[in-house]
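Asker: Numbering (my numbering), first residue to last: 6 to 374.
Yeah, the Cβ is synthetic: ideal placement off N, Cα and C, and Gly gets one too.
Just so we're clear, the structure is a prediction, and the values are computed from it rather than from any experiment.
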Ligand SMILES: Cc1cc2nc3c(=O)[nH]c(=O)nc-3n(C[C@H](O)[C@H](O)[C@H](O)COP(=O)(O)OP(=O)(O)OC[C@H]3O[C@@H](n4cnc5c(N)ncnc54)[C@H](O)[C@@H]3O)c2cc1C
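#1: Which runs of the beta strand (DSSP E) spanning at least 3 residues fall entirely within the segment 233–280, listed in chain order?
#2: At a cut-off of 7 Å, is residue 306 close to ligand 1 when judged by its beta-carbon and the heavy atoms of the ligand?
#3: In terms of residues, what are the limits of the alpha helix (DSSP H) holding residue 358?
#4: Three-state secondary structure (DSSP) at residue 34?
#5: To which residues does DSSP link residue 87 through a beta bridge?
#6: Just how far apart, CA to CA, sit residue 56 and residue 158?
#7: Who does residue 221 pair with in a DSSP beta bridge?
#8: So residue 113 and residue 95 are supposed to be a Cβ contact under 8 Å. How far apart are they, rounded?
#9: Taking just the CA atoms, how far does residue 196 sit from residue 6?
#10: What is the rounded straight-line gap between the Cα of residue 42 and the Cα of residue 286?
#11: Any heavy atom of ligand 1 inside 7 Å of the beta-carbon of residue 165?
#12: So for residue 18, helix, strand or coil by DSSP?
#13: If you count every other CB in all the chains shown that lies within 10 Å of the CB of residue 14, and 16 or more means buried, which is it?
#14: Does the Cβ of residue 38 lie closer than 7 Å to at least one heavy atom of ligand 1?
#15: Please work out which residues of its chain come closer than 6 Å, Cβ to Cβ, to residue 218, disregarding the five sequence neighbours upstream and downstream, and give them in chain order.
#16: Can you look up residue 187 in the DSSP assignment and give me helix, strand or coil?
#17: Given 8 Å as the limit, is there contact between the segment 311–320 and the segment 338–350, that is, 3 or more CB pairs closer than that?
#18: So what's residue 146 in DSSP terms, helix, strand or just coil?
#19: Counting along the chain, where does the alpha helix (DSSP H) carrying residue 371 start and finish?
#20: How big is the Cα-Cα spacing for residue 152 and residue 284?
#21: Out of 117, 168, 272, 72, which has the shortest C-alpha to C-alpha gap to residue 340?
#22: Does the Cβ of residue 272 have 16 or more other Cβ atoms within 10 Å, making it buried, or fewer, making it exposed?
#23: Is the number of C-beta pairs between the segment 69–83 and the segment 16–33 that are closer than 8 Å three or more?
#24: Which of the three DSSP states is assigned to residue 73 in this structure?
#25: Identify every residue that forms a DSSP beta bridge with residue 316.
#26: Can you check whether the CB of residue 293 is closer than 8 Å to the CB of residue 275?
#27: Compare the beta carbon distance of residue 105 and residue 9 with 8 Å and say whether it is the shorter of the two.
#28: Measure the alpha-carbon distance for residue 198 versus residue 305 and round it to whole angstroms.
#29: Does the Cβ-Cβ distance between residue 117 and residue 222 come in under 8 Å?
#30: Would you call residue 162 buried or exposed, if buried means 16 or more other Cβ atoms sit within 10 Å of its Cβ?
#31: Hey, is residue 82 close to ligand 1, as in C-beta under 7 Å from one of its heavy atoms?
#32: Just to confirm, are residue 139 and residue 214 a CB contact at a threshold of 8 Å?
#33: Who are the Cβ neighbours of residue 17 in its own chain at under 6 Å, not counting the five residues just before and after it?
#34: Tell me whether residue 107 sits in a helix, a strand or coil according to DSSP, three-state version.
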C-alpha cells in the first residue's frame with residue numbers, strides 16, 4: 006500500500022480527484038493538500054469580476070471531491086519538501102509523508118517591485134478569488150463616488166480584467182479603467198487581435214497607456230519607472246505568471262523559470278516518485294505556455310502515471326498536442342476567438358467561450374451538489 010499526496014487541487018489534478026476512489030480501491034491512501042476547500046476556475050474568473058458569473062458558478066469543491074471518494078483533505082499550504090525522507094512540510098508546521106507526490110501548485114503573479122501587495126485595494130489576478138474581491142471593492146467605492154481602476158500588465162489577463170472591470174455598474178455608474186501596458190499592449194499576440202481589442206476599449210472608454218513599465222503599485226497610486234504617478238482606487242496586477250519558489254527552496258531540479266523540471270512522463274528525473282502538472286512545472290522536452298489548456302490535457306497522463314507508479318507499472322508519456330484555442334472575454338458580452346489562423350470577434354466568440362467553460366464546470370455539478 007502506498008500513500009499518494011497531491012499538492013494543490015487545481016486544473017491538472019481534477020482528473021486525479023475524480024479517480025481517488027479507484028486509487029484507494031487498489032489499496033492506496035490519497036491525501037490532497039490545498040489552502041482552500043474550493044478551487045476557482047480561471048477561465049471564468051474575469052466573468053465574475055464583470056458580473057456574468059457568480060463565484061459559486063465557477064468553483065469546484067476539491068475538499069468534498071476527495072473526501073466523498075474516501076481520501077483525506079488537509080486545508081494547508083505546502084512550504085517545502087524533503088525528498089530524501091519523502092516528507093512535505095506544511096505552513097501550519099505539520100508534516101505529511103508520501104510514497105508518491107504530485108504537484109499542481111499553480112503559479113504566482115509577480116509584483117512590479119517584487120514585494121507582496123500591502124493594501125486591500127491592490128490585488129494580484131491570482132488567486133482567482135481576488136477578482137471577486139475586486140468586484141466587491143469597486144461596487145462599494147462606486148456607491149461613494151467615481152472610481153479609478155488601474156490594471157497593470159499588457160497581456161491577455163490584463164485585457165480580460167480591464168474589459169470586465171469596466172462592466173461593473175452601480176446606479177448606472179462604472180469605474181474609469183486604465184491599462185498600464187508597458188511599452189506595447191498585447192505585443193505577443195497577432196496585430197489583428199491587438200487592433201480588435203483596442204477598438205473595443207476605445208469604444209467603451211477604457212484607456213490603454215503604453216508609456217513604459219510600472220515601478221510600484223501601492224494604495225492609491227501607480228508609479229511608472231519614468232517617475233510619473235497616476236491615482237488609482239483599485240489596482241489589479243496582471244504581470245504574467247511564474248511558478249512558486251518552493252521547488253528551488255526544496256533543492257529540487259527546476260527549469261529556468263523555477264518550475265519543477267519534469268520529463269515526458271511528467272515525472273522528476275531526480276526523484277522518480279515526484280510528478281507534476283499545470284503552471285508549476287517545466288516540461289523539459291518543450292517549454293509550455295502557462296495556460297489551463299495544458300493542465301487539462303495532462304489529466305489523463307497524471308491519472309495513469311500516479312497509480313502506475315504506486316503499482317509498479319509502466320508510465321505513459323505526455324503529448325502536449327497541437328495549437329490550442331484561445332478566446333478572450335472582453336466583459337461586454339463579446340470576445341475574441343483565435344485558433345487555426347482564424348480570428349474573429351463579437352458575441353459569437355464569447356458564446357463559444359461561455360459554452361466551453363460552462364461544459365467544463367458541468368463536470369463538477371454532482372460534486373457541487
Ligand atoms: C485572469 C486569468 C484568466 C485566465 N484565463 C484562462 C483561460 O481562459 N484559458 C486558459 O487556458 N488559461 C487561462 N489562464 C491561465 C490559467 O489560470 C492557468 O494556466 C491555470 O490556472 C493553470 O492551472 P493549474 O492547475 O496549474 O494551477 P491553478 O489553477 O492555479 O491551481 C493551483 C492550485 O494549487 C494550490 N496551491 C498553490 N500553492 C500551494 C501550496 N504551496 N500548497 C498546496 N496547494 C497550493 C492553489 O490554491 C490552487 O488551488 C488565466 C489566468 C488568469 C490569471
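Answerer: The structure says:
#1: 234–236, 239–242, 265–267
#2: no
#3: Taken as a continuous stretch (DSSP letters only), the alpha helix (DSSP H) holding residue 358 covers 352–367.
#4: strand
#5: Residue 87 is bridged to 92.
#6: For residue 56 and residue 158, the distance between alpha carbons rounds to 22 Å.
#7: 228
#8: Not quite, the Cβ-Cβ distance comes to about 18 Å (not below 8 Å), so this is no contact.
#9: 55 Å
#10: Those two C-alpha atoms are separated by around 23 Å.
#11: yes
#12: In this structure, DSSP gives residue 18 a state outside helix and strand, which the three-state scheme calls coil.
#13: Of the residues assessed, residue 14 falls on the buried side of the cut-off, its CB having 16 or more other CB atoms within 10 angstroms.
#14: yes
#15: 187, 230
#16: Of the three classes helix, strand and coil, the one that applies to residue 187 here is strand, per DSSP.
#17: no
#18: Shown here, residue 146 sits in a helix according to DSSP, grouped into three states.
#19: 370–373
#20: 33 Å
#21: Restricting attention to 117, 168, 272, 72, the CA atom closest to the CA of residue 340 is found in 168.
#22: buried
#23: A contact exists between the segment 69–83 and the segment 16–33.
#24: helix
#25: None; residue 316 has no bridge partner.
#26: For the pair residue 275 and residue 293, the CB atoms are not nearer than the 8 Å cut-off.
#27: Their beta carbons are under 8 Å apart, which means residue 105 touches residue 9 by this criterion.
#28: 32 Å
#29: yes
#30: Flag for residue 162 reads buried.
#31: yes
#32: no
#33: Excluding sequence neighbours, residue 17 sits near 109, 282, 283, 300, 303.
#34: strand
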